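Only one structure is covered here, and it is reproduced in the block below.
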Ligand code: CP
Ligand code: NVA
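Right, here's the structure in full:
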């Protein structure tokens, strides 16, 4: 790994991503074959959560345990962070007790500031800007199901949110063609789209029917992300038609896979029918969070023992 932290996929080289995915495949193999991998014995990961989580908390906590270490859950509501203690002080305190920090928060700048003041690796467990751990698991799942990434078409339909930003960067860095359908006013980050245009095959449209053509892997995400709940009613109107359904699937490549980071809102961004038809792929994707994050923690934290 060329990096000390995992703050966003933009920071990683293609070789870093391949190293993470290869290590994750090995972690998955070891677990399935009951081969212990206690490379983080005696280490502690602090997990700061300013937003809710099922998968991220569980997979990091279980992952640390399986690597021989321990994970500590710090809800911002119940820690001094929630009472205004600066992130730079939190970073310096946690660096004296722990060996790594995972943070789920709102502003990406909070993640970057934490990393600037911490002397231990920092992992982004989701910000408003990006969700790198999720997209590493997504890339792992596509590669597992389709044996490669390069040259495949990734389609994203919906909100130009944290998932869209990370999928665009991750897909382009791995040589995928990326096509994104978003309604006006809900586009991915401008710097992300600029990166995609400069570095690969990227298409932005407001029509899901265009983005889905010949897609090999189709993604969507909730219409209102965490922190946008007050905007949910307006979003339900803006996102009408931005749904993965049978008509969209009929435009994709035969054998295309469907991915969803979860939680899913059936009847909104995806129909119950498509969700259930692709449930195995979607839950494999959720499982792969565990393997890919163990790989990330091993690669970032093992050398700091
Ligand atoms: N996909 C994901 O990050 O799930 P959680 O919000 O449950 O952690
Ligand atoms: N875009 C969603 C992803 C949840 C894992 C959110 O930020 O709420």
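Numbering (the numbering used here), first residue to last: 2 to 306.
From the three backbone atoms N, C-alpha and C, an ideal C-beta is built for every residue, glycine too.
This one's a predicted model, so the numbers in the text were calculated from it and none came from an experiment.
Taking residue 258 as the centre and dropping the five residues before and after it, the same chain places the C-beta of 142, 143, 146, 147, 217, 218, 219, 279 and 282 closer than 8 Å to its C-beta, in chain order. Inside the segment 210 to 248, DSSP marks whole alpha helix (DSSP H) runs of 4 or more residues at positions 233 to 239, from first to last along the chain.
By the CB criterion at 9 Å, residue 10 and residue 112 fall outside the cutoff.
By the neighbour-count criterion, in which 16 or more other beta carbons inside 10 Å mark a residue as buried, residue 267 falls on the exposed side.
Counting C-beta pairs closer than 8 Å gives fewer than three between the segment 17 to 29 and the segment 43 to 55, which falls short of the contact rule. Within the segment 90 to 147, the complete alpha helix (DSSP H) segments at least 4 residues long are 109 to 118 and 133 to 147, listed from N- to C-terminus. Taking a C-beta distance under 9 Å as the contact criterion, residue 300 and residue 2 qualify as a contact pair. In this structure, the beta-carbon distance from residue 215 to residue 187 does not fall below 9 Å. Burial state of residue 270 is buried, judged by a 10 Å Cβ sphere holding 16 or more other Cβ atoms.
Beta-bridge analysis with DSSP links residue 74 to 48.
For residue 173, the enclosing alpha helix (DSSP H) starts and ends at 163 to 174.
In the pairwise beta carbon analysis, the segment 58 to 66 is classified as not touching the segment 75 to 89: fewer than three pairs are separated by under 8 Å. Excluding sequence positions up to five before and after residue 108, its CB lies within less than 7 Å of the CB of 128 and 129, all in the same chain and listed in chain order.
In the DSSP assignment, residue 299 falls outside any beta strand (DSSP E) and within the unbroken alpha helix (DSSP H) covering 280 to 302.
Residue 119 is classed as buried because its beta carbon has at least 16 other beta carbons within 10 Å across all chains shown. Within a 10 Å sphere around the beta-carbon of residue 190 sit 16 or more other beta-carbons, which makes this residue buried. Beta-bridge partners assigned by DSSP to residue 41: none are found. Taking non-hydrogen atoms of the ligand NVA into account, the C-beta of residue 10 is found less than 8 Å away from none of them. Going by DSSP, residue 157 is part of the beta strand (DSSP E) stretching over 154 to 158. With distances taken between CA atoms, residue 295 lies nearest to 26 out of 12, 26, 205 and 236. Per the coordinates, the alpha-carbon of residue 256 lies some 43 Å from the alpha-carbon of residue 100.
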